[in-house]
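Data block below; observations after.
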Amino acid sequence: MEKVEKIKRLLKELTGLNPNLPIIGTVTELQKETCNMSINSDLIITDVRLKVSYGGSNNYLIIYPKIGSRVAAISVNGDLSDLMVIKIDEIDKIEINQNGLVLLLDSNDSKICIKNNSQSLLDLFQLLTDTLKDLRVFTSTGPSGPPLPETKKKLNDFETGFKSLLK
1 MEKVEKIKRL LKELTGLNPN LPIIGTVTEL QKETCNMSIN SDLIITDVRL
51 KVSYGGSNNY LIIYPKIGSR VAAISVNGDL SDLMVIKIDE IDKIEINQNG
101 LVLLLDSNDS KICIKNNSQS LLDLFQLLTD TLKDLRVFTS TGPSGPPLPE
151 TKKKLNDFET GFKSLLK
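Following the working numbering, the numbering of the sequence shown begins with 1 at its first residue and continues without gaps.
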């Protein structure tokens, strides 16, 4: 408890704020559901929540701040041992998981992941592309040949495009 009291005292000295008001800091480290934030170079607060509750549910929304970006956090229970991020300046990624539907927006690789328990959008587009590349139709003289070069180029451009967007 000594550490918590010291943090409260330092915060009041540094900011003049009541710990129940939003505290502005800089993200120094990210974990799955929490982050560490620095109030100044001497004071780092660990295990600041990124979602309301810890673990337990597979249904959640987490917005991950970029390391080095500013965030606002507020105390959940009135002391500094249980802070939660309420505002983020710069987003690293957003992850939504609801009843098996997953949506991930990742600014690190500028890609999106959309999937559910049985399919992903990337896999579906890949299946479509592979099917079109091998498409043959029956004609009066027999099966057709492979797609023409300009069609192959368009399919390759389509494949390159969706792979640069989806993960």
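Every residue gets a Cβ at the ideal spot worked out from N, C-alpha and C, and that includes glycine.
Everything numeric in this text was worked out from a predicted model, so none of it was measured.
query, result
"Per DSSP, which one or two residues make a beta bridge with R70?", "T26"
"Can you tell which of D109, I112, I23, N116 has its C-alpha closest to the C-alpha of G100?", "N116"
"What distance in whole Å lies between the Cβ atoms of D92 and K66, which are believed to be in contact at a cut-off of 8 Å?", "4 Å"
"The alpha helix (DSSP H) spanning D92 covers which residue range?", "Per DSSP, D92 belongs to no alpha helix (DSSP H); it is in the beta strand (DSSP E), 91-98."
"Report the three-state DSSP secondary structure of N58 (helix, strand or coil).", "coil"
"DSSP three-state label for D157, please.", "helix"
"So what's P147 in DSSP terms, helix, strand or just coil?", "coil"
"Give me the Cα-Cα distance between K133 and I112, rounded to the nearest whole angstrom.", "24 Å"
"Identify whether V76 lies in helix, strand or coil by the three-state DSSP scheme.", "coil"
"Touch check for the segment 79-92 and the segment 21-39: three-plus C-beta pairs under 8 Å?", "yes"
"Pair every Cβ in the segment 121-131 with every Cβ in the segment 160-167, then say whether three or more of these pairs are closer than 8 Å.", "yes"
"Classify L61: buried if its beta carbon has 16 or more other beta carbons within 10 angstroms, exposed otherwise.", "exposed"
"T151: which of T141, S140, P143, R136 sits nearest, CA to CA?", "R136"
"So, under 8 Å CB-CB, L104 and E95 are touching, yes? Tell me the CB distance rounded to an integer number of Å.", "5 Å"
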